[in-house]
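Structure, as structure tokens:
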Ligand code: SF4
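Put into structure tokens, the structure is as follows:
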């Protein structure tokens, strides 16, 4: 056994034991991710850095997983310098694995800045702007939560489920999920809007929400050439415009004006 000082307190510890293991056994918390008791230390994550003073020399930062206990060592497990080094270390780990929950967890536990947990959003505001400026729904906004900006739903009931934001989003962070004829617009796990889908009167595909169709109707008014309101999906609308054939019944799924479709 040898005598060492940790954070100003004297301890008797086994000579040659890895310092990180010593800390664990004494219940002294030091961050680490790559250390495993069954393996030799790799000194890879660099989070377990501590200040060590030996033989009256100046304190030096060293990785405690790799350093063995020696008589007379004086160790400081946290200081401004150590905090800075750990912040750099955690930043390097996040560059490699930004989504890894363990890194964010260790960061939270030891007060190390890990930034926002990645949600795929680059805060370009394209979704917010298109929803407000082109669609006019103003269903999205930016808010600050614990100092970090997030795109969130603005107010319940504003979203009309058009899906424009999901189409313009460059990263896929905001998405539309069509399931059981219901469209859900989501960002992270937050629901922006949930709407039943309407069927195309020609091909029967569920293609748009009723709120969106009503919105278009209100904004555009009825098409001058249309005598009555129809709900056609974009493909059928194009086909209809191209062939200029008046379709009178939705049951003509396979034919257009009596001619077979390709
Ligand atoms: S789906 Fe909702 S949030 Fe997205 S652009 Fe349309 S109205 Fe706005």
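Numbering (the numbering used here), first residue to last: 8 to 269.
C-beta atoms are modelled at their ideal positions from N, C-alpha and C, and glycine is treated no differently.
Just to confirm, are residue 168 and residue 216 a CB contact at a threshold of 8 Å? yes
Are the beta-carbon atoms of residue 201 and residue 212 separated by less than 8 Å? no
Among 247, 16, 128, 85, which has the Cα closest to the Cα of residue 207? 247
Excluding five sequence neighbours on each side, which residues of the same chain lie with their C-beta closer than 7 Å to the C-beta of residue 35? 13, 84
Is the beta carbon of residue 68 sitting closer than 8 Å to the one on residue 60? no
With DSSP run on the structure shown, which of helix, strand or coil describes residue 54? coil
I believe residue 133 touches residue 177 by the beta-carbon criterion, under 8 Å. Please report the beta-carbon distance rounded to the nearest angstrom. 7 Å
Any idea what DSSP makes of residue 86, helix, strand or coil? coil
At the level of alpha carbons, what is the spacing between residue 186 and residue 179? 18 Å
Please report how far the alpha carbon of residue 96 lies from the alpha carbon of residue 47, in whole angstroms. 20 Å
Examine the ligand SF4 and report whether any of its heavy atoms sits within less than 7 Å of the Cβ of residue 199. yes
Assign residue 26 to buried or exposed, taking buried as 16 or more other Cβ atoms, counted over all protein chains shown, within 10 Å of its Cβ. buried
Output the boundary residues of the beta strand (DSSP E) element that contains residue 147. 147-152
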